[in-house]
Amino acid sequence: METTVQLALPEDFSTLCTIYQINPATLIQGFINQVFFPCFYSNPTGTDRWATYFFLNFLDVEEDAYEVDRELEEPYLRIFNLRLLQLLDHDEEGTNA
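The opening position of the sequence shown corresponds to residue 1 in UniProt numbering, with each subsequent residue numbered one higher.
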């Protein structure tokens, strides 16, 4: 899915992007690509968990402002649980080798 989004970039964010010559869209896309529950839960020591932490914190802080679509959530969570089990099994096989 692709979407066009208008964002107000705070001065500190814009300044850091300018200093390090990073396109804000590239950085934001990289962040979004790292929101991934199965890897978050199956790799507790991974260094690529910050985006998912942010997402979970946002849900915790803002939970009253959003209504969960349970009909959409249920099949997603089923797929999520299957993938998590696959990742855990794969990781377990790697440690037993």
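Glycine residues also receive a C-beta, built at the ideal position from the N, C-alpha and C atoms.
- Annotation for Y41: L84 place their beta carbon closer than 6 Å to its own, counting only its chain and skipping 5 residues before and after.
- P75 carries a helical assignment under DSSP once its states are collapsed to helix, strand and coil.
- Between V35 and T52, the gap from beta carbon to beta carbon is short of 8 Å.
- Rounded to whole angstroms, I22 and F31 show a C-alpha spacing of 13 Å.
- In this structure L87 touches P38 by the C-beta definition: roughly 6 Å separates them, less than 8 Å.
- The beta carbon of W50 sits closer than 8 Å to the beta carbons of Q34 from its chain, once the five residues preceding and following it are set aside; these are given in chain order.
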